[in-house]
Amino acid sequence: MKNIYSRILIFGTAFLMAVSCLEKVPGDYVPIDKGMNTVTDAEEIVNGIYNTFKGGSLYSGYLTLCPDIQCDLVHAVQGNSNTYVNIWQWDILSGNAEVEAVYAGLYAAIGQCNYYLDKVEQLKARLTDDTEIQQLDALTGETYFCRALAYSELIKLFCKAYDPATAESELGVVLATSYFGQKPATRDNLKKSYAQVVADLIEADRYLDPDDNAYNAIYAKNAAVHALWARVALYMQDWDAAIEHSSDVIDSGIFKLADCNSNYSSTQTLLQYLWNGDASFEIIFKLGYTSTSYGSPQGAVFLNFTRDYHYYYPDFVPSQAALDLYQSGDQRYGAYFRTLQTGYSHQLSCPLLVKYYGNEGLIELNIYHRNMPKVLRLAEQYLIRAEAYCRKGSYAKASADLTTLRKSRFTTGGNLSVNESNWLETISAERVRELYMEGFRLQDLKRWHMGFERKDQTSCVKEGGSLKVAADDPLFVWPIPRNELEAPGSQIQPNESNR
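Residue 1327 is where the sequence shown starts when you use the working numbering, and the numbers rise one by one after that.
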């Protein structure tokens, strides 16, 4: 593969990647006193965007965990530290700290992107070296991708599910596309909001060289653009586009599913190393960690073994309903869950989530519970294409994609067939099995117009443990943070869930 430029440094056996970081500061502030006068300056700003994404408010914490914790995948344990319990109990208010942090974090990333895009043409006009121009163009493509990613996540959480027939009359998000000047104070409609995401993806595709692709990338490359585009198209009910862009990724030959029947080492399969080592042919785009630059401990709430380094003190344990979805021979169960003894007085011993046990290279350095967020994986692309095929009535093609995915996860068997009557139930279950606790469940239930029910589990919190949520409950859409609604000059419209 042609490589325009490289910013990758491999660290140790765990493939930890080095990322230079822009100083993290509140809001969408960028050090304008320094400006963007060189390609190195531009690179620092783009690296700062990635740094924002990997923070605890976003992919290493709230953005990934809270949407799944809110649904039917986990139960709060008696004795928990009260972390995320309000989210789990559906006590979600406009002043909720996690909601505010996600909203602010995504707009901070958008602000950094806007600053770069406002400045880049002035810088490019001064460049005469062809290599520097190529480097800058690649950075520009990454920035358009990052803005599309941030806006897509805002829409996913703070807007209703997209319906082409009503999108123009539904509330979208505040669309700010410039760092300088007066910021918009109202929300655009949902159709325009998604149109902005697609427009940014078109620009990213134009700038990022399709011949400069690689698996396990810690910077957005052209394949990441098409992978995100496939996800967005699925959410927009544009089935043809979802198939087109997921096929671009699947058929590229660059990526390969992490096979449970192939070994990374004498003790780990490729599927296990996808999570223990945070490296795989399957990863399209991840956020890279080093020994000095890493995100929040997203695994802590499922394990908390650093309390005494002997027992486990999870805040949440997997729901039995979710565990029951895994079938005999499905190696995801062993890669994602392990029966461990808790240190609570009730002595609960049950399967705990070890998907985020921690990157083994960081654990060797006594840095625990941290895994590199895998923002885009090949497995999701198979699930996207299978669902889009079903929407178009191509059940044989959907069955083939689901079977391909499952054969990489099963020691034997794995065949799966869908038809007109069972496809949604089947794909819903498969998305839980594959994407467990990666932040997709709330959006899936919302766009499928499905509710859910929890049933009490032993040694788990009662209030919230037995919960039935109807389809289209207002809290499937997060409330707009109160501080945004009450800011001077703000005309931002609240959601139905604002209380």
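Where a beta carbon is used, it is the ideal one built from N, C-alpha and C, also for glycine. Because the structure is a prediction, the values reported are computed rather than measured.
Beta-carbon within less than 6 Å of residue i's beta-carbon, same chain only, minus the 5 sequence neighbours each way: which residues are those?
i            : result
residue 1331 : Bear in mind that a pLDDT of 38 at residue 1331, under 50, signals an unreliable position, so the model cannot answer this.
residue 1569 : 1711, 1714
residue 1572 : 1556, 1707, 1710, 1711
residue 1487 : 1772, 1773
residue 1741 : 1729
residue 1585 : 1596, 1734
residue 1777 : 1795, 1796, 1797
residue 1567 : 1559
residue 1407 : 1641
residue 1549 : 1539, 1575, 1610
residue 1410 : 1395
residue 1355 : For residue 1355, the pLDDT reaches just 48, beneath the cut-off of 50, and the residue's location in the model is therefore unreliable, although a value from the coordinates is still provided. So the list is empty, once near-sequence residues are dropped.
Compute the beta-carbon to beta-carbon distance between residue i and residue j, rounded to the nearest angstrom, for a pair I have assumed lies under 8 Å.
i            : j            : result
residue 1663 : residue 1678 : 7 Å
residue 1744 : residue 1761 : Actually they are not in contact, since the Cβ atoms of residue 1744 and residue 1761 sit about 17 Å apart, beyond 8 Å.
residue 1625 : residue 1682 : 3 Å
residue 1445 : residue 1459 : About 15 Å separates the two Cβ atoms, so there is no contact after all.
residue 1471 : residue 1530 : 4 Å
residue 1652 : residue 1759 : 6 Å
residue 1420 : residue 1808 : 4 Å
residue 1379 : residue 1613 : 6 Å
Among the options, whose alpha-carbon lies nearest the alpha-carbon of residue i?
i            : options                : result
residue 1690 : 1617, 1681, 1570, 1758 : 1617
residue 1660 : 1373, 1540, 1601, 1381 : 1601
residue 1516 : 1478, 1549, 1742       : 1478
residue 1577 : 1594, 1406, 1708       : 1708
residue 1636 : 1666, 1621, 1613       : 1666
residue 1700 : 1543, 1580, 1647       : 1543
residue 1525 : 1558, 1429, 1395       : 1558
residue 1465 : 1818, 1819, 1406, 1532 : 1532
residue 1787 : 1365, 1497, 1415, 1610 : 1415
residue 1520 : 1536, 1511, 1497, 1670 : 1497
residue 1508 : 1733, 1567, 1653, 1440 : 1440
residue 1492 : 1385, 1552, 1562       : 1562
residue 1468 : 1442, 1434, 1482       : 1442
residue 1732 : 1655, 1669, 1716, 1425 : 1655
residue 1437 : 1503, 1648, 1551       : 1503
residue 1750 : 1763, 1785, 1724, 1505 : 1724
residue 1505 : 1589, 1481, 1495, 1473 : 1473
residue 1814 : 1390, 1510, 1802, 1719 : 1510
Put residue i into one of helix, strand or coil per three-state DSSP.
i            : result
residue 1631 : helix
residue 1609 : strand
residue 1772 : helix
residue 1656 : strand
residue 1401 : strand
residue 1587 : coil
residue 1814 : coil
residue 1323 : This structure cannot settle anything about residue 1323, because the visible part of the chain is limited to 1327 through 1825.
residue 1703 : strand
residue 1616 : coil
residue 1825 : coil
residue 1806 : coil
residue 1425 : helix
residue 1536 : coil
residue 1408 : coil
residue 1432 : helix
residue 1593 : coil
residue 1688 : helix
residue 1515 : strand
residue 1347 : Bear in mind that the predicted position of residue 1347 carries a pLDDT of just 26, short of 50, making it unreliable; the figure below should be weighed with that in mind. Residue state, collapsed to three classes: coil.
residue 1441 : helix
residue 1638 : strand
residue 1497 : strand
How far does the alpha helix (DSSP H) with residue i in it reach, from first residue to last?
i            : result
residue 1393 : 1388-1395
residue 1572 : 1565-1576
residue 1472 : 1456-1484
residue 1676 : No alpha helix (DSSP H) contains residue 1676, which is instead part of the beta strand (DSSP E) from 1675-1679.
residue 1372 : 1365-1379
residue 1552 : 1548-1561
Got a sec: does the ligand GDP put a non-hydrogen atom nearer than 7 Å to the Cβ of residue i?
i            : result
residue 1554 : Of the ligands one can find in the structure shown there are none, so the ligand GDP has no counterpart to examine.
Could you give the first and the last residue of the continuous beta strand (DSSP E) run that contains residue i?
i            : result
residue 1664 : 1663-1667
residue 1793 : 1793-1795
residue 1779 : 1778-1780
residue 1744 : Unbroken run through residue 1744: none, as it is neither H nor E.
residue 1643 : 1642-1644
Tell me which same chain residues have a C-beta within less than 7 Å of the C-beta of residue i, skipping the five on either side of it?
i            : result
residue 1347 : Per-residue confidence for residue 1347 stands at a pLDDT of 26, beneath the threshold of 50, marking its modelled position as unreliable; no derived number is given.
residue 1684 : 1625, 1694, 1695, 1696, 1697
residue 1352 : With a pLDDT of 29 at residue 1352, under the threshold of 50, the modelled position of that residue is not reliable, and no figure is offered here.
residue 1737 : 1586, 1587, 1655, 1657
Output needed for residue i: all residues of its chain with C-beta closer than 8 Å, excluding positions within five of it in sequence on either side, in chain order.
i            : result
residue 1791 : 1401, 1402, 1780, 1781, 1782, 1783
residue 1541 : 1580, 1581, 1582, 1606, 1607, 1608, 1609, 1610
residue 1746 : 1719, 1721
residue 1811 : 1420, 1818, 1820, 1824
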